[in-house]
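Step one of this worksheet: look at the structure below.
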Amino acid sequence: MAPSSTQSACGIPEILEMILLKLDMRTLLCMQRTCRFWLSMIRESPAIQKALYFIPIENTPGQEKAQNPLLVEAFPALFNLSDADNPDDGYVYDERTLATFDMMKTPPN
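Counted the way full-length UniProt numbering counts, the sequence shown spans residues 1 to 109.
Written out as structure tokens, the structure reads:
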């Protein structure tokens, strides 16, 4: 029996790469488990590796940095800095908190 056109297309790496690049990240990550050919295709394709944020994308001046949407979804507190007036506020500590710790560790006389 002759292979179908779908089987033929998926056997050609360039066509399979174009098809896989149309998928969302989560699906693309799951596609690695389909078969060894697809796994090697996803691992060896620089374009797919960039789409999965496994290879850094070159920054161009004036362009906003791209964030991995799966990481943003999993760790929103690390990426949601737009609400802060000053990005350095994440490193500011409350003096009262340190005073409380000092009181807790000093034994009473």
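For glycine and all other residues, C-beta sits at the position ideal for the given N, C-alpha and C.
Small disclaimer: the values here were computed from a predicted structure and weren't measured.
C-beta atoms of residue i and residue j nearer than 8 Å
i     : j     : result
Ile55 : Pro69 : no
Assigned exposure category for residue i - 16 Cβ within 10 Å defines buried
i     : result
Leu16 : buried
Met41 : buried
Cys10 : buried
Near the ligand SAH: residue i beta-carbon under 7 Å from a heavy atom
i     : result
Met18 : With respect to the ligand SAH, the structure shown offers nothing to examine, as it has no ligands at all.
>> Tell me whether the stretch 13 to 31 and the stretch 50 to 64 touch, counting them as touching only if at least three CB pairs, one residue from each stretch, are closer than 8 Å.
In response: yes
> Counting pairs of beta carbons, one from the stretch 31 to 38 and one from the stretch 55 to 69, are three or more of them closer than 8 Å?
Replying inline: no
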